[in-house]
Each structure stands twice: as structure tokens, then as C-alpha cells.
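Enquirer: Sharing a structure, written as C-alpha cells. Questions coming.
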Amino acid sequence: MSDLTTVPLATARLALRSVELDDVPTLVELANDLEVARRLSRLPHPYGEADAVRFVTEISRQGAHWKVVERDASMVGIVGLNPPNSGTAELGYWYGRRFWGRGFATEAGRRVVAYALEESGLEALVSGYFADNEASGHVLRKVGFVEQRRSPRRCEALDRDLPHVEMLLIRDGR
Ligand SMILES: CC(C)(COP(=O)(O)OP(=O)(O)OC[C@H]1O[C@@H](n2cnc3c(N)ncnc32)[C@H](O)[C@@H]1OP(=O)(O)O)[C@@H](O)C(=O)NCCC(=O)NCCS
């Protein structure tokens, strides 16, 4: 049995908390960027206030989704576990472009993976990245994922199928 909720989490540099309607302006500012959206399968582009409100009130309430906040500073991105199915959830994340390259995705990813597999009782996590997004592939490998298979996946922002790498992390296989 898994019990997946958006409990507050912390790392050395980051606080992970649930998103609220107050976060809508920052979500729009960070997510309305084609360089972010083209690397994700389901982030609309352009990304407006209605998209952010829907994320806060609907999407983020399914599974567990955290805003990633640099301690004593502002939101840098989002990390989430999409609703579990038979003991498995899908890890997804994005960070505002000006916050890339500082190790935040790896640091928050490690904490969420530990929460999912050691604290919430999930058996496995799936994730994936578009094949040209080597930074994300690197993050996933660093937190323990291994490649499963490659097959095209829809990119909503670009409205076309792109080469995609499916990744898997099994609790007892780490
Ligand atoms: C992908 C993304 C999450 C990475 O976030 P980040 O905080 O910059 O990631 P980190 O700094 O923790 O780690 C990135 C790693 O990839 C490496 N990297 C960066 N660009 C790379 C490239 N072009 N090729 C190979 N490795 C690369 C970095 O050196 C770093 O590895 P290191 O710590 O061993 O040096 C961020 O760029 C992002 O939000 N992109 C848009 C949305 C997205 O891609 N989400 C994931 C969808 S699968």
C-alpha cells in the first residue's frame, strides 16, 4: 500500500512545499518559456494564468507535487509524483531557466525519490526524457534510474512526437 501526499520535505539548500494560488504569478513567469516547455510532454505553451490556476487547484492535487524553493528565497521549480498505479508513480520536474545548472534538480530529485520509495511505500518509479535533453537524462541516472526503452512521445508545446527515453527505478533494485 502506498500513501502518497505532498508532505513538506527539505534538503540542504531547498524546501519542498505544496503549491498555493499565491504561487500563480511565479509559476507563469517560470513556466511560460518554450525552452522549458519543449523538454516536457505535457506543459502547455504559451503558459498563462489559467494554466497555473489549473495546476494549483487540479493537477497538483493528484499524486504529490511540490514547489521547490531555495531556502529564504523564491520558487525555482516544480517536482511531482503523478498518481500511483499499482505501486508505481511517475517522477516529473521542471526548473526556471535561470536556475539551471546549480544542482537543484538532482538535490530535490534525490529527496523525492527517497520519500517515494522509503517513506510512502511505492515499489517503483518511472520517468523519462526527450532524447536531446541530456541534462535531464543525467539527473535521472544520478538519482538511480536506468534506461528501459526508447519510443516516440508527444510534446504538447511543439505539437509533435519526439524521440523519448523511458526510465525506471525499482525500490529493491537500487
Ligand atoms: C533538465 C533540468 C531539470 C535540469 O535541472 P538542473 O537543476 O540544471 O540539473 P542539475 O544541475 O541537478 O543536473 C544537471 C546535470 O546534467 C549535466 N548537464 C547539463 N547539460 C548537459 C548536457 N547538454 N549534456 C550532458 N549533461 C548535461 C550537468 O552538468 C549536471 O550534471 P553534474 O551535476 O554531474 O555536473 C532543467 O534543465 C529543466 O528544468 N529543464 C526544462 C524542463 C525539463 O527538462 N524537465 C525534465 C523533463 S524530463
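In this note's numbering, each residue carries its 1-based index in the sequence shown increased by 43.
Every residue, glycine too, gets a C-beta built ideally from N, C-alpha and C.
1. Using 7 Å as the cut-off, classify the Cβ of ASN176 as near or not near the heavy atoms of ligand 1, replying yes or no.
2. I'd like to confirm something about TRP109: is its beta-carbon nearer than 7 Å to some heavy atom of ligand 1, or not?
3. By alpha-carbon positions, which one of VAL182, ALA107 and HIS88 ends up nearest to GLU150?
4. Assign PRO127 to buried or exposed, taking buried as 16 or more other Cβ atoms, counted over all protein chains shown, within 10 Å of its Cβ.
5. Helix or strand or just coil, what does DSSP make of PRO127?
6. Tell me the rounded alpha-carbon separation between ALA132 and GLU209.
7. Would you call the segment 57-75 and the segment 90-101 in contact, with 3 or more CB pairs under 8 Å?
8. DSSP three-state label for GLY218, please.
9. Pick from VAL62, ILE121, VAL156 and ARG154: whose alpha carbon is nearest that of ALA80?
10. Helix or strand or just coil, what does DSSP make of ARG60?
11. Pull up the DSSP beta-bridge partners for ALA107, would you.
12. Measuring only the C-alpha atoms, how far is GLU101 from THR69?
13. At a threshold of 7 Å, does PHE98 count as lining ligand 1 (C-beta to nearest heavy atom)?
14. If you measure from the CB of ARG145, is any heavy atom of ligand 1 nearer than 7 Å?
15. From which residue to which residue does the alpha helix (DSSP H) around LEU165 run?
16. Taking the beta carbon of LEU168 as the centre, do at least 16 other beta carbons fall within 10 Å, making it buried, or is it exposed?
17. Can you tell me which of the three DSSP states GLY144 falls into?
Expert: If we stick to the structure as given:
1. yes
2. no
3. VAL182
4. buried
5. strand
6. 13 Å
7. yes
8. In the structure as shown, the chain starts at 44 and stops at 217, and residue 218 therefore has no counterpart that could be examined.
9. ILE121
10. strand
11. LEU124
12. 17 Å
13. no
14. yes
15. Taken as a continuous stretch (DSSP letters only), LEU165 belongs to no alpha helix (DSSP H), as it is neither H nor E.
16. buried
17. coil
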